[in-house]
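A.B. asks: Please read through the structure below; I'll follow up with questions.
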Amino acid sequence: MKALALFKKDWESELRTRYAINALAMFILVTISVIMFSIGDEPVSEYLTGGLFWVVIFFSAMSGLSRVFVTEEERGTTLTLQLIASPSTVFFGKLIFNLVLVYLMVAAITFLYSILFEKFVIQNLLLFTVALLLGSTGIAISSTLIAAIISKANTKGTLYPVLSFPILLPLILTLVKLTQFSMDGETFEFAWVYLAILVSYNVIMFTGGVMLFDFIWKD
Amino acid sequence: MPYSLELDNISKSFGRRLIFKGIDFHFSENKIYGIAGSNGSGKSTLTKIIAGVLSPSKGKVVHFNDNTEIIPEKLHNYLGFVSPYLVLYDEFSAVENLQYFAKIRGINYDENKINDLLKRFGLLKRENDLLKAYSSGMKQRMKFIFALQHSPKLLLLDEPTSNLDDEGKETVYGVIGEVKKNSVVIIASNEKNDLELCDEILEIAKYKTNSNHPKKSKQ
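Here's what the structure looks like:
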C-alpha cells in the first residue's frame, strides 16, 4: 500500500511536470520517423523490422525510465523520500511507476509500428504478447535499478545507456528471437526455452534489485 | 516510552579529508541538544549520519525506543527532520504534500492536527497554493509541519531558523519547547539564540584531531 501511495504521488507529479512522458513520446516519434525516412522505398525483411522494433524500445526506455530517480536527485527531493519511506517502499513504488510507463510505451510503439510497417506481421499473436509482457517487465526492473545507481553520478545522461546496454543485452537478444518466432507463427513448445530465459532474467533482476537497493539508496 | 540514541565512535571522511573523528555521545528524551561548529565543520554531516541518510566512515549510531533497538529501515517512522537542503514537492500544494506524505508513511491524515500546525505556522490561508509559489520563509515553515506531522520521537533540526522572520523564530522556539517534553531534540546551528535553548552542546571542533579525548560541554 505504501509503495502504491508512492506510485500515485509520482504519477500525479508526472502528469503535472511531464518529465518522462514528453521525453518518451518525442523519442518514440523521432526514432520511428528516422527509421521510416532511412528505409524509404527499399524492401526490408520481416526480421529486420522485428529487430528495429526492439531498437526503438531500447532507446526509448533509455530516454525516459531513468527520470524516476534522476528527477528526485536533480530537484533535491531524494532526502525527503528517504525521510518518509523505507528503501523497499521506494524501490517498489518506483518499480510500479516504471512498469506502467514501459507498458504504455511498448503499447504505443507496437501500435505505431503495426500501422506504419507493412512487413511487421505477427503470426502467433499470443506468443508475441507474452514476450512483450515479460520483456517489458524485465526492462522496467533493470531500468529502475540502473536509474537508482546513476542518479548519484555527475554524468547521468551518458552513464545510463552505457550501464544499461550490457545488462539489457541478453534480454533484448532473447526478445528479438521471440519476435522472429512470433512472425514465423511458431508454437509455445518451440519457443519455451527463450520464454524460460525471460522469466529467469526477470526473477534474477528482481531479486538482485530488492537485495541491492538498500546499499544504492543510502549515500 | 523513552527514546534515546547513542553515537559510538563516529568518524567521517570525504576522500582523504577528515571531517570529525571518534564522536561518542548519548542523547536522551526530555532534553534539547546542540551541535555547534563553524561553517564547514561537519554539523550537517553529523545530522545526516544521525538521521541514517549518510553512512559514517567508522562507528555506528544506535537508536532505541522503549529500550528496543530500532532497525534502520524503520527509523524514518520516529524521525522528524528540518534542514535548508530539505526540498518538498513544488508541484503540489501544502495539503497535497502532507496528504501524500501521510499515505506513503502509512499513517492516517489527521486533518485537525494538520490544520492546527498550518495555523500555528501561519500557512492556513495558503494551504492550497502550490509550494513553488511560496517564499523561502514559508517553505521553511512548511518543513516544520512536514517534520511534526507524524509526532516524531526524534526531532533533528539543522539551521532551524534560517530564512525565518522574528515571528517564525518565536513559533519554532515554542514548538521546540513543547516537543522536548516527550522527544529528543537536536539542533545543529551557529545561531546563538538557537543554541541557548540547548541543555547540552556537542562541539564538533573538538573531534577534529586524533590526540584529544573530548568531553561534552554544558551550558
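Residue numbers (my numbering), protein chains in the order written: chain P, 31 to 249; chain S, 8 to 226.
Beta carbons: idealized from backbone N, C-alpha and C, even for Gly.
Owing to the predicted nature of the structure, the values given are computational and were not obtained by experimental measurement.
1. If we count the other Cβ atoms within 10 Å of its Cβ and call it buried at 16 or more, is Trp-222/P buried or exposed?
2. Between the Cα of Gly-59/S and those of Val-60/P, Trp-84/P, Leu-113/P, Arg-105/P, spot the shortest distance and give me the residue it belongs to.
3. Take the Cβ of Lys-139/S as the centre, count every other Cβ of all protein chains shown within 10 Å, and call the residue buried at 16 or more, exposed below.
4. Can you check which of these residues, Phe-153/S, Met-149/S, Asp-73/S, is closest to Lys-132/S by C-alpha distance?
5. Is Phe-128/S helix, strand or coil by DSSP?
6. What residues from chain S crowd round Arg-46/P, counting only those whose CB sits closer than 7 Å?
7. Kindly identify the DSSP beta-bridge partner or partners of Asp-15/S.
8. Using only alpha-carbon positions, find the residue among Phe-88/S, Leu-93/S, Val-89/S that is nearest to Arg-105/P.
9. Taking the continuous alpha helix (DSSP H) assigned at Lys-50/S, which residues delimit it?
10. Under a Cβ-count criterion, where at least 16 other Cβ atoms within 10 Å of its own Cβ denotes burial, should Ala-212/S be classed as buried or exposed?
11. Going along the chain, which residues of its own chain have a beta-carbon closer than 7 Å to the beta-carbon of Leu-189/P, five neighbours each way excluded?
12. I need the straight-line Cα distance from Glu-198/S to Phe-88/S, nearest angstrom please.
13. Pop quiz: Phe-57/P and Gly-94/P are said to be a contact at Cβ under 8 Å. What is the actual Cβ separation, rounded to whole angstroms?
14. Kindly list, in the order they appear in chain S, the residues whose Cβ is closer than 9 Å to that of Gly-81/P.
15. Closer than 8 Å between beta carbons: that is the criterion. Which residues of the region 71-87 of chain S meet it against chain P?
16. Pick helix, strand or coil for Arg-112/S, following the three-state DSSP scheme.
17. Determine the DSSP secondary structure at Ala-183/P, reduced to helix, strand or coil.
18. What residue from Leu-157/P, Trp-84/P, Glu-148/P, Lys-149/P has the CA that sits closest to Glu-216/P's CA?
19. So, are the CB atoms of Asn-16/S and Lys-50/S less than 9 Å apart?
20. Could you check which residue in Leu-125/S, Ile-26/S, His-70/S has the C-alpha nearest to that of Phe-34/S?
21. Where does His-83/S fall in DSSP's three states?
22. In whole angstroms, what is the alpha-carbon distance linking Pro-221/S and Leu-202/S?
23. Measuring only the C-alpha atoms, how far is Thr-140/P from Leu-45/P?
24. On the criterion of 16 or more Cβ atoms from any shown chain inside 10 Å, does Ile-104/S qualify as buried, or is it exposed?
25. Thinking Phe-99/P and Val-240/P are a contact (beta carbons under 8 Å), I'd like their distance in whole angstroms, please.
26. Can you give me the start and stop residues for the alpha helix (DSSP H) that Tyr-96/S sits inside?
27. Look at Ile-110/S and Lys-32/P and say whether their C-beta atoms are less than 9 Å apart.
28. Sorry if obvious, but does the Cβ on Leu-36/P come closer than 8 Å to a heavy atom of the ligand HEM?
29. Please determine, among Asn-72/S, Pro-63/S, Arg-112/S, Asp-73/S, the residue with the shortest C-alpha to C-alpha distance to Thr-110/P.
30. Does any C-beta atom of chain P lie closer than 9 Å to the C-beta of Ala-58/S?
31. Measure the alpha-carbon distance for Ser-11/S versus Ala-195/S and round it to whole angstroms.
32. So which residues on chain S does Lys-248/P lean against when the C-beta distance must stay under 9 Å?
33. In the DSSP assignment, find the unbroken alpha helix (DSSP H) run with Leu-34/P in it and report its ends.
34. From the DSSP output, which residues share a beta bridge with His-33/S?
C.D. replies: Reading from the atomic positions:
1. exposed
2. Leu-113/P
3. exposed
4. Met-149/S
5. coil
6. Glu-98
7. Lys-67/S
8. Leu-93/S
9. 50-58
10. exposed
11. Ile-180, Ala-183
12. 18 Å
13. 7 Å
14. Within 9 Å Cβ-Cβ: nothing; Gly-81/P doesn't reach chain S, min ~39 Å.
15. Glu-80, Lys-81, His-83, Leu-86
16. helix
17. coil
18. Leu-157/P
19. no
20. His-70/S
21. helix
22. Low local confidence applies: a pLDDT of 49 at Pro-221/S is under 50, so the model's placement there is unreliable, and no value is given.
23. 23 Å
24. Before going further, note that residue 104/S is Asn rather than Ile in the sequence given. With 16 or more Cβ atoms within 10 Å of its Cβ, Asn-104/S is classed as buried.
25. Not really, about 16 Å apart at Cβ, beyond 8 Å.
26. Taken as a continuous stretch (DSSP letters only), Tyr-96/S belongs to no alpha helix (DSSP H), as it is neither H nor E.
27. Residue identity check: residue 110/S is Lys in the sequence provided, not Ile. Against a cut-off of 9 Å, the Cβ pair of Lys-32/P and Lys-110/S comes out as a contact.
28. Absence of the ligand HEM is noted for the structure shown, with no ligands found whatsoever.
29. Arg-112/S
30. yes
31. 18 Å
32. Gly-59, Val-60, Leu-61, Ser-62, Pro-79
33. 32-47
34. Glu-13/S
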